[in-house]
Amino acid sequence: MKDALREEQIGEFLEAFCLFDKDGDVQLKVDVVNCVLYVWTEKETEAEEELKEAFRVFDKDHDGYISPSELRSVMRTIGEKVTDEEVEQMVKEADLDGDGLIDYEEFVRMMLAD
Numbered sequence: 001m002k003d004a005l006r007e008e009q010i011g012e013f014l015e016a017f018c019l020f021d022k023d024g025d026v027q028l029k030v031d032v033v034n035c036v037l038y039v040w041t042e043k044e045t046e047a048e049e050e051l052k053e054a055f056r057v058f059d060k061d062h063d064g065y066i067s068p069s070e071l072r073s074v075m076r077t078i079g080e081k082v083t084d085e086e087v088e089q090m091v092k093e094a095d096l097d098g099d100g101l102i103d104y105e106e107f108v109r110m111m112l113a114d
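Just so you know, the UniProt record's numbering puts the end of the sequence shown at 114, numbered straight through with nothing missing.
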């Protein structure tokens, strides 16, 4: 994933900044900034860990990729009645590099898609 801040993250950071800028002088003390960054980073870390765990559930052979058969297996295990064509379509939509597999970054994009 890219290190650059997403627009949503910038908005969250500015919102947090405004909450801590009690006197409205658009300045924060270093210890307050450190606190805000720590809380924000923890939130991102928790979400990232949840995505990694979800990826591990799908990546049954732990090769770093989700194959169509792995996706089909998990979908059926959770009670989703999917056809082979539906699984192939899901992989096709998520597979940005066209290798027929879903890697971690593609999985994250798929999970975070609106």
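Ideal Cβ positions, reconstructed from N, Cα and C, are used throughout, including at glycine.
In the DSSP assignment, Val91 falls within the alpha helix (DSSP H) that extends over 84-94. Here Glu50 is exposed, its C-beta having fewer than 16 other C-beta atoms within 10 Å. Contact annotation, Leu96 with Glu106: C-beta distance approximately 5 Å; criterion of less than 8 Å satisfied. Note that the C-beta distance between Met90 and Leu112 is not below 9 Å.
Per the C-alpha coordinates, the member of Glu80, Thr83, Met110 positioned closest to Ala94 is Met110. Annotation note: the UniProt domain "EF-hand" (46-81) contains the following uninterrupted alpha helix (DSSP H) runs of length 4 or greater, listed N- to C-terminal: 68-77.
By the criterion of a C-beta distance shorter than 6 Å, Phe58 is surrounded in its chain by Ile66, Glu70, Val74, once the five residues flanking it on both sides are discounted. Classified as buried, Ile102 has 16 or more neighbouring CB atoms from the shown chains inside 10 Å of its CB.
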